[in-house]
Amino acid sequence: MFGMNFNRSREKIVAVADIGSGSAAIAIVAVPKTGPARLLLARRSILSVEERAPAAIVAAIGAHLLEVGQQVLSEYRKKGASQPESVYAVIRAPWTQSKTIGARTAFPKPTKVTGAMIGRLAQQAMAGEEDFKSGILEAGVIRVELDGYPTG
Numbered sequence: 001m002f003g004m005n006f007n008r009s010r011e012k013i014v015a016v017a018d019i020g021s022g023s024a025a026i027a028i029v030a031v032p033k034t035g036p037a038r039l040l041l042a043r044r045s046i047l048s049v050e051e052r053a054p055a056a057i058v059a060a061i062g063a064h065l066l067e068v069g070q071q072v073l074s075e076y077r078k079k080g081a082s083q084p085e086s087v088y089a090v091i092r093a094p095w096t097q098s099k100t101i102g103a104r105t106a107f108p109k110p111t112k113v114t115g116a117m118i119g120r121l122a123q124q125a126m127a128g129e130e131d132f133k134s135g136i137l138e139a140g141v142i143r144v145e146l147d148g149y150p151t152g
């Protein structure tokens with residue numbers, strides 16, 4: 001009817017932030033229930049090449065992300081479109097890092113090992129890490145050994 005596409009109303013509109021070590025980008029994407037997503041609008045801002053302290057790099061990336069985000073939303077709203085329903089962030093290396101730490105405990109008698117016990121032991125191990133604490137977004141237990149043997 002009048003050239004309207006009613007299938008479009010079933011799409012979810014999302015914003016995607018792409019944060020790299022020297023750039024920031026924002027995209028507006030239409031995600032249908034089935035089929036491929038459609039890129040509606042995207043902009044990227046790249047840091048100029050110069051020597052910066054780590055804190056200055058983070059601040060510059062943040063400023064670029066804010067600037068490009070405002071540009072994209074402004075241009076998207078000019079088309080009469082509604083706000084994105086969700087926002088996702090893709091944080092690329094080297095903003096991610098990992099470290100392996102270990103913790104041990106001994107029980108004087110046979111004891112059932114529970115997830116809560118493993119969680120407390122992991123928290124104790126993380127509490128002892130001084131050089132890795134700043135800015136942790138996520139921490140997880142990758143492997144558990146019982147009597148020196150990896151568990152399933």
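Heads up, the sequence shown is in full-length UniProt numbering, so the first residue is 1 and it goes up one at a time.
Even for Gly, the Cβ is constructed at its ideal location relative to N, Cα and C.
- Following the DSSP letters along the chain, one finds Ser45 inside the beta strand (DSSP E) bounded by residues Arg38 to Ile46.
- Distance from the CA of Leu121 to the CA of Ala103, rounded to the nearest whole angstrom, comes to 7 angstroms.
- One thing to note: Ile19 has its Cβ no nearer than 9 angstroms to the Cβ of Ala42.
- In this structure Glu85 is not in contact with Val29, their Cβ atoms being roughly 11 angstroms apart against a cut-off of 8 angstroms.
- Taken through DSSP and simplified to helix, strand or coil, Pro84 comes out as coil.
- Taken through DSSP and simplified to helix, strand or coil, Ser23 comes out as strand.
- Straight-line spacing of the CA atoms in Thr105 and Ala93 works out to 34 angstroms.
- Spanning the alpha carbons of Gly22 and Gly115 requires a straight line of approximately 40 angstroms.
- Going by beta carbons, Ser45 and Glu67 fall inside the 9 angstroms limit.
- For Glu11, the closest C-alpha among the options Ala60, Met117 and Leu40 is that of Leu40.
- Inter-residue distance for Gln123 and Val113 is about 16 angstroms (C-alpha atoms, whole angstroms).
- Residues Val113 of the same chain have their beta carbon placed closer than 7 angstroms to that of Leu146, with the five preceding and five following residues left out of the count.
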